[in-house]
Structure formats: C-alpha cells, structure tokens
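Below: one structure, written as structure tokens.
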Amino acid sequence: AQSVSQHNHHVILSEAASLELGCNYSYGGTVNLFWYVQYPGQHLQLLLKYFSGDPLVKGIKGFEAEFIKSKFSFNLRKPSVQWSDTAEYFCAVIPGYSSASKIIFGSGTRLSIRP
Amino acid sequence: DAGVIQSPRHEVTEMGQEVTLRCKPISGHDYLFWYRQTMMRGLELLIYFNNNVPIDDSGMPEDRFSAKMPNASFSTLKIQPSEPRDSAVYFCASSRGQGAKYEQYFGPGTRLTVT
Numbered sequence: 001a002q003s004v005s006q007h008n009h010h011v012i013l014s015e016a017a018s019l020e021l022g023c024n025y026s027y028g029g030t031v032n033l034f035w036y037v038q039y040p041g042q043h044l045q046l047l048l049k050y051f052s053g054d055p056l057v058k059g060i061k062g063f064e065a066e067f068i069k070s071k072f073s074f075n076l077r078k079p080s081v082q083w084s085d086t087a088e089y090f091c092a093v094i095p096g097y098s099s100a101s102k103i104i105f106g107s108g109t110r111l112s113i114r115p
Numbered sequence: 001d002a003g004v005i006q007s008p009r010h011e012v013t014e015m016g017q018e019v020t021l022r023c024k025p026i027s028g029h030d031y032l033f034w035y036r037q038t039m040m041r042g043l044e045l046l047i048y049f050n051n052n053v054p055i056d057d058s059g060m061p062e063d064r065f066s067a068k069m070p071n072a073s074f075s076t077l078k079i080q081p082s083e084p085r086d087s088a089v090y091f092c093a094s095s096r097g098q099g100a101k102y103e104q105y106f107g108p109g110t111r112l113t114v115t
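Chains as they are written, first to last, in the working numbering: chain E, 1 to 115; chain G, 1 to 115.
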C-alpha cells in the first residue's frame, strides 16, 4: 500500500538553527508532493507543492523542499528558523495523475523552537 | 472569502450519544473531504464528495459513522453511537477539483471528546 513516512516525530531547535524535516513515500510512479503546516490551534495550510519541473520548490515563509526521485524523498528545509515556526508539519503525496487519486498524509512532525 | 467553516469547534459528549459535526465549504468548491486526526493514526481521509455525491467512503471506520451532503454549501458527519475511541479532531476541507492540481482548503476542525 502507498504510504508516507515522517521519521522525526518531534524536533526541537533553537532560533536561527537550520531545519530539515524528512519525508519518504512508497510509490514507484509519478507523484505530486506537498507540505502542509498546522500552527497551534489552527487548521492545516499549504506550505509548498511539487507537480513537475524544478525539483527544488520554494514555498512561503522561507521554506523550501527538494524532490529526490531516486530516494523517494521530499525533505523540507529552512536555513534559519524562527520561534513563529513552531507548528506541526505534514508531508503529503498524491500518487499518479488520476483524478481519483487520493491524498495520503504522513503522521506529522512537531517542531518546537526555543526562543 | 470566509474559508471552510466548521461547527462546533469543540464537542464533549458521553459514550453512546449521537454526535453531528457540520461543515460549510468554500463557495464554488465542488469537492468536500472529511478527515480525522489522532495522535496514533495521524490524518486520515474518511470520505469525500463531488457535487454533493459521496465518491469514496472507504476510510469511514465503521457503520456508526455516516456523512451527508444535502446541498453544495453544507455537509454533516454523524457518529451514532459515539465511543471514547472516536475522540479526535475532525477536519473538513474543500477544493475546486480533485487531484494534485487542486489545493484543499481546510477548516479549523472540531475537537471531539467522548467520555
């Protein structure tokens, strides 16, 4: 079955530290990839998405993610985190191009930033 | 636009009681999704509708769960009878289409506690 793995359940960083959150998926065909963020007490919001083209995707708030097809990965990065980045981050995959393809979410990574 | 609206935001009920969660999608969106978020299982898709018609309910956990969409601007998720293991945050999302090209917009969620 298709799945999305986020191995880091909780990451704690100090402000200005660099961030990388891992995301791996299990599907051999074409994929569409997403990162969502959920700030405390709020709903999920789209950070960035990859459909095709440049595998390095720029998102909002200084986030970026790189699609590495050979590694089935789509890791999220930010060079310098801020306290306001404290949130839960979800990687998601839509396998294939069929309109019936459903989005599959990872279990999420909680990011805590120490001021 | 007001975004996806969900009510109530919090619900506390006793085991065995009926629970009804409500969702108003973004106007013009013809897809509506219901998700459940728990610590153990992460974010799971329960059911989704297209033009008010249920398309895929394979994620609905059991017969105690039912969902309806009587019109384009309203959907309900009902649990009858409720059980403590149903405690979770339930999100509704809507989109203009299905598949990778169409971003899903999430509501604020309903936090359900069954005692």
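The beta-carbon is built from N, C-alpha and C at its ideal position, and this holds for glycine as well.
Neighbour-count burial assignment, aspartate 85 of chain E, 16 or more Cβ in a 10 Å radius: Counting Cβ neighbours within 10 Å, aspartate 85 of chain E comes out buried, since at least 16 surround it.
Chain G contact residues for glutamine 42 of chain E, given Cβ-Cβ distances below 8 Å: Pro108
Proximal chain G residues relative to serine 112 of chain E, where beta-carbon distance stays under 7 Å: Here the premise fails: no neighbours, minimum Cβ distance about 16 Å.
Residues that phenylalanine 91 of chain G contacts on chain E, provided the C-beta gap is smaller than 8 Å: His43, Leu44
Continuous beta strand (DSSP E) stretch holding cysteine 91 of chain E: start and end: That run of the beta strand (DSSP E) goes 87 to 95.
Short CB-CB distance (under 8 Å) between lysine 102 of chain E and chain G: Closer than 8 Å to some Cβ of chain G, the Cβ of lysine 102 of chain E qualifies, so yes.
DSSP state of aspartate 86 of chain G mapped onto helix, strand, coil: helix
Selection from G/Tyr102, G/Tyr105, G/Lys24 that minimises the alpha carbon distance to threonine 76 of chain G: G/Lys24
Cα-Cα separation between serine 18 of chain E and serine 80 of chain E, rounded to whole angstroms: Each residue's Cα considered, the two are about 5 Å apart.
Nearest to proline 54 of chain G (by Cα), restricted to the options G/Glu14, G/Arg64, G/Asp30, G/Thr110: Looking from the CA of proline 54 of chain G, the closest CA among G/Glu14, G/Arg64, G/Asp30, G/Thr110 belongs to G/Asp30.
Threonine 113 of chain G beta carbon near the ligand ATP (any heavy atom closer than 7 Å): With respect to the ligand ATP, the structure shown offers nothing to examine, as it has no ligands at all.
Among E/Trp35, E/Val4, E/Gln42, the one whose alpha carbon lies nearest that of arginine 9 of chain G: E/Gln42
Closer than 7 Å at the beta carbon, the chain G residues around phenylalanine 105 of chain E: Gly42, Leu43
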